[in-house]
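For reference, the structure is listed below as structure tokens.
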Amino acid sequence: MRSLNTSPVVPLAGSQFTRQTTRAIVLEGDKVLLLYTARYDDYTLPGGGVDEGESLEQALLRELQEETGVKELTNIQPFGRYEEYRLWHKPDFDVIHIVSDCYICQICGHFDTPKMEDYERANGMVPVWVDINVAIEHNKKTLENSPKKGLSLIREISLLEQIRAAKLT
1 MRSLNTSPVV
11 PLAGSQFTRQ
21 TTRAIVLEGD
31 KVLLLYTARY
41 DDYTLPGGGV
51 DEGESLEQAL
61 LRELQEETGV
71 KELTNIQPFG
81 RYEEYRLWHK
91 PDFDVIHIVS
101 DCYICQICGH
111 FDTPKMEDYE
121 RANGMVPVWV
131 DINVAIEHNK
141 KTLENSPKKG
151 LSLIREISLL
161 EQIRAAKLT
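According to UniProt numbering, the sequence shown is numbered sequentially starting from 1.
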């Protein structure tokens, strides 16, 4: 799978573990299916961690069902892999290595009610269709004004810009 990192990925020193994730790119014209999180005031691609024994495609569908209520995916095509290293906040490891495999896919049928995890609901996460240009500019403003300067926002801006540049919308 091709790398989506715009600069070399540099590992951090210390003990680490790897978290494999999948992220969905679902497009409808100039709009992309994203998750808006009120707590962080940002837009992110739907997706998340791969459970033990799951294939990447199984995890992709499960995460989309949980976060957006999507019932079925078709035409799943690899878009690329984004890797990042972050300092870990728990005492068991120093560093987390996040590997995000991104897939372009289409949805079939109607949506069910999302079955988000408690923390996702508590953070005000909702699925939305957003113009990709609006999402990119919104995330840039949030990053600029956020005291956290979150790595997740840097990843999401980069991925959304690459999706736009690939002329998928």
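The C-beta atom is built at its ideal place from N, Cα and C for all residues, glycine as well. Since the structure is predicted, the reported quantities are computational estimates derived from the model, not experimental observations.
Does the distance from the CB of L56 to the CB of L73 come in under 7 Å?
-> no
C108: buried (16+ other C-beta within 10 angstroms of its C-beta) or exposed?
-> exposed
Can you say whether E112 is buried or exposed, counting buried as having 16 or more other CB atoms within 10 angstroms of its CB?
-> The sequence shown places Asp at residue 112, rather than the Glu named in the question. That one is exposed.
What residues match up with V95 in a beta bridge as DSSP calls it?
-> Q16, L87
Quick one: Cα of D118 to Cα of R39, how far?
-> 14 Å
So what's Y119 in DSSP terms, helix, strand or just coil?
-> helix
Look up V32 in the DSSP assignment and say whether it is helix, strand or coil.
-> strand
E144 (DSSP reduced to helix, strand or coil) | helix
Host beta strand (DSSP E) of T44 (start-end) | 42-44
Going by C-alpha distance, which of K90, T6, D30 is nearest I132?
-> D30
Beta-carbon proximity of S15 to F93, cut-off 7 Å | yes
Who are the near neighbours of E54 in its chain, counting only those whose CB is closer than 8 Å to its CB and skipping five residues on each side?
-> R62
With burial defined as no fewer than 16 other Cβ atoms inside 10 Å of the residue's Cβ, what is the status of V26: buried or exposed?
-> buried
Use the C-beta contact count for E144: other C-beta atoms within 10 angstroms, 16 or more gives buried, fewer gives exposed.
-> exposed
State the Cα-Cα distance for the pair I157 and K141, rounded to the nearest angstrom.
-> 11 Å
Measure the beta-carbon distance from A24 to C105 and round it to whole angstroms, keeping in mind my assumption that it falls under 8 Å.
-> 6 Å
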